[in-house]
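In our numbering, the protein residues as written are 103 to 493. Below is one structure, written out as structure tokens, with a few remarks after it.
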Ligand SMILES: Cc1cc2nc3c(=O)[nH]c(=O)nc-3n(C[C@H](O)[C@H](O)[C@H](O)COP(=O)(O)OP(=O)(O)OC[C@H]3O[C@@H](n4cnc5c(N)ncnc54)[C@H](O)[C@@H]3O)c2cc1C
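The following block contains the structure:
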């Protein structure tokens, strides 16, 4: 029986664990957190990832848990709605599934067959490849033997660090902006809606999930890697959003109290290949496209699906590199437009942006800059033909 160790139990790790276990592999999952992480922000399943979700039986349940946002309004400094887009005119197509990351992870985890070994609160300490397998030592102590080891452990992957050569330029490329996400009370009383305030160098999004008690707030701002220290991070964000008007001072108060504040760099992981002998990387660990594409979760699902097929079938990991290369490149390229233009450069550009958004539903060709970015993202999401295997 093929023995596989997966490091990381989020979207990629759970999806791969399910696929391998269903194909008769012996699977062990090591996760640093004490349990499956709840909450998070909205992520998307679209394009090829939607097909993977259909094939693996996840799509129907994911649809039941989808966020129920019906549209987005752009507001000015006084909260006046200056442009509104109904669902279908943004990057999200009505056929796509938008779901909270925690809900998707929980759903994937629930679908993993019994018999998989879970090691929470643990991590891989070292690994050594030899002719027939990989010898792994764990933080909790003890050495174990596996046929394959897979890093599904996110953008700062430990498995990448242990098994892949150190390149002259780091694998992680910061794209010049960061995102802070947290939950706040729904003091604006919005229902099934998203409000966006777009300012020079900064964007604020407030979005309902299912229900209207709380909202998810995302603050997107230009800058270098966020400081590690929580207090320093909050200070930086407060400085960036000072003088933004509207409800921003109140949001910043909520941010200070938020137990789920999550600050992440908008960064890509760029690698020439995602396999090294019997070790492979999936999801953000190997090819994070950055949060600006809305594609990271989908790519994690697609990569987990393909690698699961390959390990259970031929075991030739180089096939994984070959099959995924173009899909990853196209999606990472699609992130570069939003990385450069995530926020308007000045007040005039902000006003122009709102004007173009207001006109978008009435433009037959929708041939404006912002619309071109959206079209590119959608095209990238579909840029792979899956092999015929059906689980
Ligand atoms: C602010 C923000 C907004 C985003 N918005 C979207 C969006 O709208 N749409 C979309 O599709 N994607 C979005 N993304 C990207 C998406 O969240 C990721 O692409 C996706 O979660 C990748 O899944 P993953 O399983 O590869 O990695 P992750 O979700 O990062 O999970 C990695 C797992 O590995 C664990 N781990 C880490 N280190 C170790 C270790 N040493 N040992 C053991 N376990 C370890 C972690 O605890 C975690 O459980 C966004 C990301 C951010 C930060």
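Glycine included, C-beta positions come from ideal geometry on N, C-alpha and C.
Exercise for the section: Report yes if the C-beta of residue 289 is less than 7 Å from at least one heavy atom of ligand 1; otherwise report no. Expected result: no
Practice task
Pull up the distance between the alpha-carbon of residue 111 and that of residue 289, whole angstroms please.
Solution key: 34 Å
Exercise for the section: Return helix, strand or coil for residue 318, following the three-state DSSP convention. Expected result: strand
Exercise for the section: Kindly indicate which three-state DSSP category residue 82 falls into: helix, strand or coil? Expected result: As shown, the chain starts at 103 and ends at 493. That puts residue 82 outside it, with no answer to give.
Handout entry: Near ligand 1: residue 255 beta-carbon under 7 Å from a heavy atom
Key = yes
Practice task
Verify the contact flag: residue 228, CB atom, against every heavy atom of ligand 1, threshold strictly below 7 Å.
Solution key: no
Handout entry: Distance cut-off 7 Å: residue 110 Cβ against heavy atoms of ligand 1
Key = yes
Practice task
Reducing DSSP to helix, strand and coil, say where residue 342 ends up.
Solution key: helix
Problem - DSSP three-state assignment for residue 350, whether helix, strand or coil - result: helix
Practice task
Return the CA-CA distance between residue 427 and residue 459, expressed in angstroms with no decimal places.
Solution key: 34 Å
Practice task
Indicate whether residue 218 and residue 333 have their beta-carbon atoms separated by less than 8 Å.
Solution key: no
Exercise for the section: Please find out if some non-hydrogen atom of ligand 1 comes closer than 7 Å to the beta-carbon of residue 308. Expected result: no
Exercise for the section: Kindly indicate which residue of 413, 355, 356 has the alpha-carbon position closest to the one of residue 381. Expected result: 413
Problem - N- and C-terminal bounds of the alpha helix (DSSP H) containing residue 411 - result: 398–414
Exercise for the section: Leaving aside the five residues before and after residue 437 along the sequence, list all residues of the same chain whose C-beta is less than 6 Å from its C-beta, in chain order. Expected result: 391, 392, 394, 395
Practice task
With DSSP as the reference, please indicate the residues paired to residue 357 in a beta bridge.
Solution key: Answer by DSSP bridge pairing: none, since residue 357 is not bridged.
Problem - CA nearest to the CA of residue 230, picked from 347, 181, 378 - result: 378
Problem - Alpha-carbon to alpha-carbon, residue 271 and residue 388 - result: 15 Å
Exercise for the section: Please check if any C-beta of chain D sits within less than 8 Å of the C-beta of residue 222. Expected result: No chain D appears in the structure shown, which is made up of a single protein chain.
Handout entry: Span separating the alpha-carbon of residue 118 from that of residue 225
Key = 18 Å
Problem - 8 Å Cβ cutoff met for residue 167 and residue 205 - result: yes
Exercise for the section: Using the DSSP secondary-structure output, state which residues sit across from residue 282 in a beta bridge. Expected result: 321, 365
Exercise for the section: Check residue 223 in the structure and name its three-state DSSP category. Expected result: coil
Practice task
Please work out which residues of its chain come closer than 8 Å, Cβ to Cβ, to residue 240, disregarding the five sequence neighbours upstream and downstream, and give them in chain order.
Solution key: 132, 221, 224, 225, 226, 227, 246
Practice task
For residue 331, count neighbouring C-beta atoms within 10 Å of its own C-beta (all shown protein chains included) and say buried if the count is 16 or more, exposed if not.
Solution key: exposed
Problem - Where residue 95 sits in the DSSP three-state scheme - result: Not covered by the structure: residue 95. The range shown for the chain is 103 to 493.
Exercise for the section: Take residue 305 as the anchor and find which of 282, 202, 490 has the nearest alpha-carbon. Expected result: 282
Practice task
Would you check whether ligand 1 has a heavy atom nearer than 7 Å to the C-beta of residue 495?
Solution key: The structure shown does not extend to residue 495, since the chain is modelled only from 103 through 493, so no value can be given for it.
Practice task
Take the Cβ of residue 279 as the centre, count every other Cβ of all protein chains shown within 10 Å, and call the residue buried at 16 or more, exposed below.
Solution key: buried
Practice task
Could you tell me which residues DSSP pairs with residue 250 in its beta bridges?
Solution key: 106
Practice task
Within 10 angstroms of the Cβ of residue 365, are there 16 or more other Cβ atoms? Answer buried if so, exposed if not.
Solution key: buried
Handout entry: Residues of its chain near residue 138, where Cβ-Cβ distance is below 7 Å and the 5 sequence neighbours each way are ignored
Key = 111, 207, 208, 211
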